[in-house]
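As structure tokens, the structure follows; a few thoughts come after it.
Number of protein chains: 2
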Amino acid sequence: MFDKITIIGCGLIGSSLLRVIDKKKLSNKISVFDKSKEVSVFIKNNFSAQVLNDISESVKDSDLVIISSPLSSYKEILLSIKSNLKKNVILTDTGSAKKEINKIISNLNLEHVHWIASHPIAGTEFSGPEAGFAELFENRWCILSTENQKDTKEIDRLKSFWEAVGSKVKTMNFEDHDHVLSLTSHLPHAIAYSIVRTVMNNDDKFKNEIIQYSASGLRDFTRIAASDPTMWRDIFIDNSENILKVLNSFSENLEEIKKAIQSKSGEKLNNIFSSTRKLRKEIIKAGQETDKPNFGRK
Amino acid sequence: MFDKITIIGCGLIGSSLLRVIDKKKLSNKISVFDKSKEVSVFIKNNFSAQVLNDISESVKDSDLVIISSPLSSYKEILLSIKSNLKKNVILTDTGSAKKEINKIISNLNLEHVHWIASHPIAGTEFSGPEAGFAELFENRWCILSTENQKDTKEIDRLKSFWEAVGSKVKTMNFEDHDHVLSLTSHLPHAIAYSIVRTVMNNDDKFKNEIIQYSASGLRDFTRIAASDPTMWRDIFIDNSENILKVLNSFSENLEEIKKAIQSKSGEKLNNIFSSTRKLRKEIIKAGQETDKPNFGRK
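Sequence lines, in order, name chains L and S.
Numbering-wise, this note's numbering puts 218 at position 218 of the first sequence, and it's gapless, one number per residue.
Positions in the second sequence are counted from 1; adding 298 to them yields this note's numbering.
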């Protein structure tokens, strides 16, 4: 499919890509760069990929370069690799916010580089290369975004790559991507972090009880609140405008519930609580969630 | 274990109790009352329990009466059954808020009735008798609360009942119960309802995308927001004081995150996001959550 692929940043997502590229033979050569020595050693010990200490060296002759590191690292990475990029290389990433990154890359005026952003909607609450697995992208969506609409051939190649990896592909412009993801992903993460912090700060006296009785709701939120801090720090900075907007809208909704509780208005509460069942049914119908009670957890 | 048990209200929890009592032969006779004709027919068709149309009749000669209906129905139920309760009956329930209920029951001055509240920390996002199953209470905690500390024999009998059903039992006073559950259960539910509403109200244009990309976080919250509206309406009214307190504390925590986003303070965000990973590990260690990525969902 590609003669050579380079993966820069080999955590949960990067190492899962490495595994599936390897397994399905999606390239003749794979090279990997990770700034962490520990990660590099892990990759060397467990995979046949070429692991390089020189980031610029790692992209040489690559047809597809995938940046899979925190958003704040992109600029430095791009400055380090740009002189060594192959002519007509496809440059992509796996980041969760797009608009700011696209500005940075556009301002670099990379020549003969086809920049097409990718966002695989896939992950777990674990991080690091040990947590990766080849099936991570199966039946998950991957969103492609680019301003270079004339790159139809390259868009098709990248689309085929993600499909080979197991994903379904949609395209979306950068602005719409960041707006929709602020609702489906960034808002839930901000809230999960807040709720777990609220509970942790609230009560030392009942710490054991809180852990014991967490199955009454709280445990669900601790999953998302266990996500990688660095990755999420960068997303909140890059997509701050959209996130603040939806957080304000969330606070308004919460104030409405608070008022209904304060006034003990059963009818109002009933209306609020009845309005939210539908969405889960639609998500299950769309194949994006299990229909088993309690996520099928034992 | 008991000669006769009565279950009043036969939804998810009541019907799961019926199934496990039946399966493990925890009583010689079981009688059931549910005000819904549909539920009564379902029970008649699927179980050997006696299903009565007269609630007062259903508790006659029972040694254990379990109220498993929404909190707002308790008072009427108790007024209807009180004259027919057997002398020295154990009266319990399965409700998620306790303090208000205890006041109501204390004010009724029931004579020769051993009132010991139960709260099994078990459930799913589904409701109704079809959703019940005999294993629902296995390895889950059940909290007993009573002000009648001299009822040691009856407390022990009820404890043995819940243990036979598969649960681990703790006792807690009414106030502490309502405080701890406002953190572990009521807060997460209020937030989940708010977040799903925020997303549903926010955007008609991207409705399909929101459903498609819900695996990026949102889907987790839709599970809890699909819980039974009537049950939750009553919990929010009965435990309003504690719930408002923790919601205010949550809002303060959220404001802190908002400020860190506004000022793009990476260090602050990193500290916030790093502080929350620990709780999940402790919950998993306590056997209250799966350690599998993504709840082990496929």
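Virtual Cβ for every residue (Gly too), placed ideally from N, Cα, C.
Note that this is a predicted model, so its numbers are computed, not measured.
- Item | Ordered list of alpha helix (DSSP H) runs contained in the region 442-506 of chain S, each at least 4 residues | Runs found: 450-463, 472-479, 485-500.
- Where do the N-terminal and C-terminal ends of the alpha helix (DSSP H) with S356(S) fall, by residue? Unbroken alpha helix (DSSP H) run through S356(S): 353-356.
- Tell me, please, which residues DSSP counts as bridged to H412(S). Its beta-bridge partners are I388(S).
- Message: Please tell me whether G564(S) has its Cβ less than 9 Å away from any Cβ of chain L.
- Response: Chain L, which has a Cβ nearer than 9 Å to the Cβ of G564(S), makes this yes.
- Message: So with CB distances below 7 Å, who are the chain L contacts of Y372(S)?
- Response: Those within 7 Å of Y372(S) in chain L number zero; the least Cβ separation is about 15 Å.
- Item | Span separating the alpha-carbon of K259(L) from that of V544(S) | Taking the CA atoms as reference points, K259(L) sits about 14 Å from V544(S).
- Once you ignore the five residues that flank D291(L) on each side, which residues in its own chain have a CB closer than 8 Å to its CB? Taken in chain order, the residues that qualify are I284.
- Query: Quick one: is K298(L) near chain S, going by C-beta distance under 9 Å?
  - Reply: Look at K298(L): its C-beta is under 9 Å from a C-beta on chain S.
- Task: Can you say whether L18(L) is buried or exposed, counting buried as having 16 or more other CB atoms within 10 angstroms of its CB?
- Result: Burial of L18(L) is indicated by the presence of at least 16 other C-beta atoms within 10 angstroms of its C-beta.
- Straight-line gap, S118(L) to S214(L) (C-alpha atoms, nearest Å): Between S118(L) and S214(L), the C-alpha separation is close to 36 Å.
- Taking only the alpha-carbon atoms, compute the straight-line gap between S15(L) and E111(L) and give it to the nearest angstrom. Distance between the alpha carbons of S15(L) and E111(L): 29 Å.
- Query: Taking F571(S) as the reference, which of N270(L), M231(L), D54(L), E163(L) has the closest Cα?
  - Reply: Comparing alpha-carbon positions, the option among N270(L), M231(L), D54(L), E163(L) lying closest to F571(S) turns out to be M231(L).
- Message: Let's see if you can read the secondary structure: which residues bound the beta strand (DSSP E) around L362(S)?
- Response: For L362(S), the enclosing beta strand (DSSP E) starts and ends at 362-365.
- Query: Can you tell me whether DSSP reads Q212(L) as helix, strand or coil?
  - Reply: Here Q212(L) sits in helix by DSSP.
- Message: Please give the ranges of any alpha helix (DSSP H) in the region 3-62 of chain L, keeping only runs that are unbroken, at least 4 residues long and fully inside the region.
- Response: Fully contained in the region 3-62 of chain L are the following alpha helix (DSSP H) runs of length 4 or more, in chain order: 12-24, 37-46, 55-58.
- Contacts that T290(L) makes with chain S (C-beta to C-beta distance below 8 Å): In chain order: R595, K596.
- Message: For a quick check, are the C-beta atoms of L362(S) and F459(S) less than 9 Å apart?
- Response: Annotated as proximal: L362(S) and F459(S), with beta-carbon spacing under 9 Å.
- Message: Tell me the residue span of the alpha helix (DSSP H) that contains E100(L).
- Response: Residues 99-107.
- Message: Any contact between the region 573-587 of chain S and the region 216-230 of chain L? By contact I mean 3 or more CB pairs, one from each, below 8 Å.
- Response: Result yes; three or more Cβ-Cβ pairs closer than 8 Å.
- Terminal residues of the continuous alpha helix (DSSP H) containing K583(S)? Taken as a continuous stretch (DSSP letters only), the alpha helix (DSSP H) holding K583(S) covers 575-583.
- Burial state of K99(L), where buried means 16 or more other Cβ atoms lie within 10 Å: Buried: at least 16 other Cβ atoms inside 10 Å.
- Out of Y372(S), I489(S), L481(S), point me to the one whose CA is closest to N405(S)'s CA. For the residues Y372(S), I489(S), L481(S), the minimum Cα distance to N405(S) belongs to Y372(S).
- Determine contact between the region 173-183 of chain L and the region 448-458 of chain S, defined as no fewer than three beta-carbon pairs at a distance below 8 Å. Contact annotation: the region 173-183 of chain L does not touch the region 448-458 of chain S, with fewer than three C-beta pairs closer than 8 Å.
- Message: At the level of alpha carbons, what is the spacing between K321(S) and G430(S)?
- Response: Cα to Cα, K321(S) sits roughly 13 Å from G430(S).
- Item | D3(L) versus S547(S) - alpha carbon distance | Answer to the nearest angstrom: the Cα atoms are 55 Å apart.
- Using the beta-carbon of each residue, which ones in chain L are nearer than 7 Å to V494(S)? Per Cβ cutoff of 7 Å: T276, L279.
- Task: Going by DSSP, name the residue or residues bridged to P120(L).
- Result: Beta-bridge pairing links P120(L) to C142(L).
- Item | Nearest-angstrom beta carbon gap, F424(S) and P293(L) [assumed within contact, 8 Å] | Between F424(S) and P293(L) the Cβ distance is about 6 Å, and since that is below 8 Å, they are a contact.
- Query: Excluding five sequence neighbours on each side, which residues of the same chain lie with their C-beta closer than 6 Å to the C-beta of S378(S)?
  - Reply: Annotation for S378(S): I353, S354 place their beta carbon closer than 6 Å to its own, counting only its chain and skipping 5 residues before and after.
- Message: Can you look up M299(S) in the DSSP assignment and give me helix, strand or coil?
- Response: M299(S): coil per DSSP, three-state reduction.
- Message: For chain L, check one thing: does any of its Cβ atoms lie closer than 9 Å to the Cβ of K468(S)?
- Response: Yes - at least one Cβ of chain L is within 9 Å of the one on K468(S).
- Task: Starting from the Cα of L29(L), find the closest Cα among I7(L), N46(L), N239(L), E252(L) and give me that residue.
- Result: Contrary to the premise, residue 29(L) reads as Lys rather than Leu in this sequence. Comparing C-alpha distances from K29(L) to each of I7(L), N46(L), N239(L), E252(L) shows the shortest one belongs to I7(L).
- is_contact[E209(L), chain S] using C-beta, thresh 9 Å: Yes - at least one Cβ of chain S is within 9 Å of the one on E209(L).
- Following the continuous alpha helix (DSSP H) through F236(L), name the residue where it begins and the one where it ends. In the DSSP assignment, F236(L) falls within the alpha helix (DSSP H) that extends over 229-238.
- Using a beta-carbon distance below 9 Å, is A134(L) in contact with chain S? Judged by the 9 Å Cβ criterion, A134(L) is not in contact with chain S.
- Message: Below 8 Å on the Cβ atoms is my contact criterion, and I expect L254(L) with S492(S) to pass it. Report the Cβ-Cβ distance as a whole number of Å.
- Response: With a Cβ gap of about 5 Å, L254(L) and S492(S) count as contacting.
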